[in-house]
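Whatever position you read off the sequence shown (first residue = 1), add 1036 for the numbering used here.
In this text, a Cβ means the ideal position worked out from N, Cα and C, and glycines have one as well.
Beneath this line is the structure, given in structure tokens, with notes to follow.
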Amino acid sequence: MADQRYLVLARKWRPQQFEDVVGQEHISRTLKNAISSGRIHHAFLFIGSRGIGKTTTARILAKALNCLSYKEPTVTPCGTCENCRAIGEGSSIDVIEIDGASNNKVEDVREIRENIRMVPSSGRYKVYIIDEVHQLSTSAFNALLKTLEEPPPHAIFVLATTEAHKIPATIISRCQRYDFRRVPIPAIVELLRKILRQESIQASDEALYAIARAAEGGVRDAESILDQLISYCDKEITFQDVFDVLGLVDWKVMHTLCDAILNKDIGRLLALVEDVVSSGKDLSQFVQEILRYYRNLLVIKTAQGADLLHLPEEEQNEAQQRAQRYTLTNLIRLVEQFATLTSGFDSQLAQRIALESLLIRISKVGVELSVDTVLEKLLLLESFGTAVVPPEPSDPPRATLVKP
Ligand SMILES: [Zn+2]
1037 MADQRYLVLA RKWRPQQFED VVGQEHISRT LKNAISSGRI HHAFLFIGSR GIGKTTTARI
1097 LAKALNCLSY KEPTVTPCGT CENCRAIGEG SSIDVIEIDG ASNNKVEDVR EIRENIRMVP
1157 SSGRYKVYII DEVHQLSTSA FNALLKTLEE PPPHAIFVLA TTEAHKIPAT IISRCQRYDF
1217 RRVPIPAIVE LLRKILRQES IQASDEALYA IARAAEGGVR DAESILDQLI SYCDKEITFQ
1277 DVFDVLGLVD WKVMHTLCDA ILNKDIGRLL ALVEDVVSSG KDLSQFVQEI LRYYRNLLVI
1337 KTAQGADLLH LPEEEQNEAQ QRAQRYTLTN LIRLVEQFAT LTSGFDSQLA QRIALESLLI
1397 RISKVGVELS VDTVLEKLLL LESFGTAVVP PEPSDPPRAT LVKP
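Rendered as structure tokens:
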């Protein structure tokens, strides 16, 4: 049942026009300009992380080129003619979608080269969409390069990849490059709202922001989380539902953990880990949540960044109180240590937070922190006057309780 519903949702909400692709307006505009000015390049390279609209945009481009409702390529494909529908269903003879991961051999590319000579059967162009193109073997890339060097006039290539650095420079130089962006949280929330309105399902803003945060800029991930939630909740989605469905640890647990760290309550800390493990939650996910939590405290402390976080008001206040109890240097240390712990997970979040904390470190503190407890004391004194419990020099990564 859930799968069926998901299929319906995903198909229903797949963008049909360039302007419907959320968060990639820069790309839509450039493509539309190219089409309406008649300067259509024969090879496009779409770069960006998964689930943010590369294949969707490639399909819209294919429709734009081959739509039968217009005599020439259009920026607003009709979506209803035979060609548009076939492309939407993936059954068009002239639009060939190839998964580079499973068709990565030189023979596969040779097949394309033989096939490409034939003129399109019902469209104006033959469009080859090669997904995950970085997976091609070296000999396959060489064969592809030959095709890109002298393509027949009716052939258009769209090469899509999550890993541009694995593509030979000779290929890149033959393509027009388009960099897809991760989608900002408010744009994802807006999209989710639109879908829910149409589906007549209620959801709180807190819930929608929680989904968008968890999706980390990926539209497809956000839609798939939403789909799970619809199956789980039916007509109304709450903040707590999002936590339950995603297996996230409740923020109250994060506050408790934070307090236990501040109070050096090791028994409590170990009990919290025990709770997480025994409730079957994923420990690496838990560490990421801790990292996200401390990142939030760091943002609150340094950037007056309430708006950056998109937290519900109550959470914001709770986090604010705790941020005040840490020194800046201790927060940076905590974030860096948890980031190191998660870096083994190959996480986008860990990379981003490591970068952010480095930026904060160099701009706010301007010195190497790890060597100097003396400097730390000086900073504390400078920030808070003299009413400070000074840190003990012998045990560095710890929370210092500051009494204002
Ligand atoms: Zn059409």
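Comparing C-alpha positions only, which one of the options sits nearest to residue i?
{"i": "GLY1084", "options": "VAL1131, ALA1355, ALA1200", "result": "ALA1200"}
{"i": "ILE1297", "options": "ARG1361, ALA1137, PRO1109", "result": "ARG1361"}
{"i": "VAL1169", "options": "SER1157, GLY1159, CYS1211, ILE1129", "result": "CYS1211"}
{"i": "ILE1096", "options": "GLU1310, GLU1133, PRO1113", "result": "PRO1113"}
{"i": "ARG1217", "options": "ALA1386, GLN1060, THR1378", "result": "GLN1060"}
{"i": "ALA1239", "options": "PHE1275, PRO1156, LYS1202", "result": "PHE1275"}
{"i": "SER1158", "options": "LYS1337, CYS1103, ALA1251, LEU1367", "result": "CYS1103"}
{"i": "HIS1291", "options": "PHE1322, GLU1186, ALA1196, TYR1329", "result": "TYR1329"}
{"i": "LEU1067", "options": "HIS1190, GLU1392, TRP1049, THR1110", "result": "THR1110"}
{"i": "THR1093", "options": "LEU1327, ILE1166, PRO1188, LEU1293", "result": "ILE1166"}
{"i": "LEU1377", "options": "ILE1071, LEU1319, GLN1340, GLU1185", "result": "LEU1319"}
{"i": "ALA1339", "options": "ILE1088, GLU1392, LEU1293, ALA1386", "result": "GLU1392"}
{"i": "ARG1086", "options": "HIS1077, VAL1278, VAL1219", "result": "VAL1219"}
{"i": "GLY1253", "options": "ASP1280, PRO1222, LYS1271, LEU1262", "result": "PRO1222"}
{"i": "MET1154", "options": "LEU1172, ALA1359, VAL1131, THR1206", "result": "VAL1131"}
Report, in whole angstroms, the separation of the C-beta atoms of residue i and residue j, which I expect to be a contact under 8 angstroms.
{"i": "ILE1134", "j": "THR1183", "result": "Going by Cβ atoms, the distance from ILE1134 to THR1183 rounds to 13 angstroms, so no, they are not a contact pair."}
{"i": "ASN1332", "j": "ALA1355", "result": "6 angstroms"}
{"i": "TYR1161", "j": "PHE1193", "result": "At roughly 10 angstroms, the Cβ-Cβ gap does not stay under 8 angstroms, so TYR1161 and PHE1193 are not in contact."}
{"i": "LEU1181", "j": "PHE1080", "result": "Not confirmed; about 16 angstroms, so no contact."}
{"i": "ILE1273", "j": "LEU1284", "result": "That pair is no contact at about 14 angstroms."}
{"i": "GLY1089", "j": "VAL1255", "result": "6 angstroms"}
Use the C-beta contact count for residue i: other C-beta atoms within 10 angstroms, 16 or more gives buried, fewer gives exposed.
{"i": "GLN1324", "result": "buried"}
{"i": "ILE1302", "result": "exposed"}
{"i": "GLU1259", "result": "buried"}
{"i": "GLU1372", "result": "buried"}
{"i": "LYS1099", "result": "buried"}
{"i": "SER1506", "result": "This structure cannot speak to residue 1506, because the chain is shown only from 1037 to 1440."}
{"i": "LEU1395", "result": "exposed"}
{"i": "LYS1048", "result": "exposed"}
{"i": "ALA1191", "result": "buried"}
{"i": "LEU1345", "result": "buried"}
{"i": "ASP1277", "result": "buried"}
{"i": "THR1206", "result": "exposed"}
{"i": "THR1271", "result": "In the sequence as displayed, the identity of residue 1271 is Lys instead of Thr. So LYS1271 ends up on the exposed side."}
{"i": "GLY1074", "result": "exposed"}
So is the beta-carbon of residue i under 7 angstroms away from any non-hydrogen atom of ligand 2?
{"i": "GLY1074", "result": "No copy of ligand 2 appears in this structure; the ligands present are ligand 1."}
Practice task
Go through the residues and name those whose CB comes closer than 7 angstroms to any heavy atom of ligand 1, in chain order.
Solution key: LYS1099, CYS1103, LEU1104, SER1105, PRO1113, CYS1114, GLY1115, THR1116, CYS1117, ASN1119, CYS1120
Problem - Contact between the stretch 1175 to 1182 and the stretch 1136 to 1144 (3+ Cβ pairs under 8 angstroms) - result: yes
Practice task
Mind the definition here: the stretch 1053 to 1067 touches the stretch 1231 to 1247 only if three or more C-beta pairs lie below 8 angstroms; say whether that holds.
Solution key: no
Exercise for the section: Specify whether the stretch 1245 to 1260 and the stretch 1108 to 1125 touch according to this definition: at least 3 beta carbon pairs, one from each stretch, less than 8 angstroms apart. Expected result: no
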